[in-house]
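> Quick one: the structure is below, and I'll ask about it shortly.
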Amino acid sequence: MEQTPEKWVATYEAKTPDELAEAYRCWAREYDRDTCEGMGYVGPGVAARLLDRYLDSAEAKILDAGCGTGLVGQAMRHMGYRRIEAMDYCRDMLDVAEEKRVYENVFRADMNRELTISDNAYDATICVGTFTYAHVGPDAFDELVRITRPGGYVCFTVRDGAYQEYGYRKRMLELEANNAFELKEMVDTDYLHKEDVTAKYCIYEVQEA
Ligand SMILES: C[S@@+](CC[C@H](N)C(=O)[O-])C[C@H]1O[C@@H](n2cnc3c(N)ncnc32)[C@H](O)[C@@H]1O
Numbered sequence: 001m002e003q004t005p006e007k008w009v010a011t012y013e014a015k016t017p018d019e020l021a022e023a024y025r026c027w028a029r030e031y032d033r034d035t036c037e038g039m040g041y042v043g044p045g046v047a048a049r050l051l052d053r054y055l056d057s058a059e060a061k062i063l064d065a066g067c068g069t070g071l072v073g074q075a076m077r078h079m080g081y082r083r084i085e086a087m088d089y090c091r092d093m094l095d096v097a098e099e100k101r102v103y104e105n106v107f108r109a110d111m112n113r114e115l116t117i118s119d120n121a122y123d124a125t126i127c128v129g130t131f132t133y134a135h136v137g138p139d140a141f142d143e144l145v146r147i148t149r150p151g152g153y154v155c156f157t158v159r160d161g162a163y164q165e166y167g168y169r170k171r172m173l174e175l176e177a178n179n180a181f182e183l184k185e186m187v188d189t190d191y192l193h194k195e196d197v198t199a200k201y202c203i204y205e206v207q208e209a
């Protein structure tokens, strides 16, 4: 097994949003190498393929929320999607994402706050690696539902340990019970395969308000 990079550990040990942003600022240029090659990070490809199975047009307008360096955008672009936007709160991660030229638009926003994005703006939102320890809390699900049109899809990963501990499961069940979104699939599979870490990959269909 490869050694877990210190810079990854720093993102889990961050105590405040500023510390987390700083950890990603320091990691941005080495993130792809450390995660994909170093830890066997397969999350972006697995989630992109899951979403692709539900979308019926390559013209779908997609938001990659918590896009980081753009690994999800690269995977979706490779599958033929062109109308992809990217959002993250770390400028340095966004800079790397923008350089890949797979997004129509790249912008900075904090997912722990209300987003200045209109209702029903996207056919799908995808969020990989961001619902996890010390990152984005479960209230962000509500915003992803709000900005995705009814009949569209919200696709995301939740790290296994954090699923119960951070209140994600509770909020997902509440949103299902309120008919905000309907579960289509939840798959527990490889995430960082060299580290033996799995995640839940979820896809929900947004319901009429
Ligand atoms: C593990 S990375 C995942 C990046 C990318 N989705 C991937 O799969 O490679 C987590 C990302 O979430 C972003 N992030 C953390 N907290 C955030 C917040 N409150 N709002 C928006 N982005 C956030 C970080 O800047 C980082 O780019």
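161 is the number that the UniProt record's numbering gives to position 161 of the sequence shown; each next residue is one higher, with no gaps.
Here a beta-carbon is modelled for each residue, glycine too, at the ideal position from N, C-alpha and C.
Does at least one heavy atom of ligand 1 sit under 6 Å from the Cβ of Y103?
no
> What would DSSP say about A121, mapped onto helix, strand or coil?
coil
> In whole angstroms, give me the CA-to-CA distance for M76 and A14.
Their Cα atoms are separated by approximately 30 Å.
> Which residue marks the beginning of the alpha helix (DSSP H) containing V9, and which one marks its end?
E6 to E13
> CB C127 to CB F107, shorter than 7 Å?
no
> Shortest alpha-carbon distance to E208 belongs to which of N178, A199, K194 and T189?
Sorting N178, A199, K194 and T189 by C-alpha distance to the C-alpha of E208 places N178 at the top.
> Can you give me the C-alpha to C-alpha distance between G152 and V206, rounded to a whole angstrom?
6 Å
> Buried or exposed: which applies to L51, given that a residue is buried once 16 or more other Cβ atoms fall within 10 Å of its Cβ?
Result: buried.
> Thinking C-alpha only, which one of M87, D110, R159 and C90 is nearest Y196?
The residue asked about is misnamed: residue 196 is Asp in this sequence, not Tyr. Closest option to D196, judged by alpha-carbon separation, among M87, D110, R159 and C90: R159.
> Under a three-way DSSP split, which group does D160 fall into?
helix
> Which whole-angstrom value is the C-beta distance of A149 and D110, which I expect to be below 8 Å?
Contrary to the premise, residue 149 reads as Arg rather than Ala in this sequence. Contact flag wrong, Cβ pair sits at about 23 Å.
> Could you check how far apart the C-beta atoms of V145 and A121 are, in whole angstroms? I think they sit under 8 Å.
Rounded, the Cβ-Cβ distance is 12 Å, inconsistent with contact.
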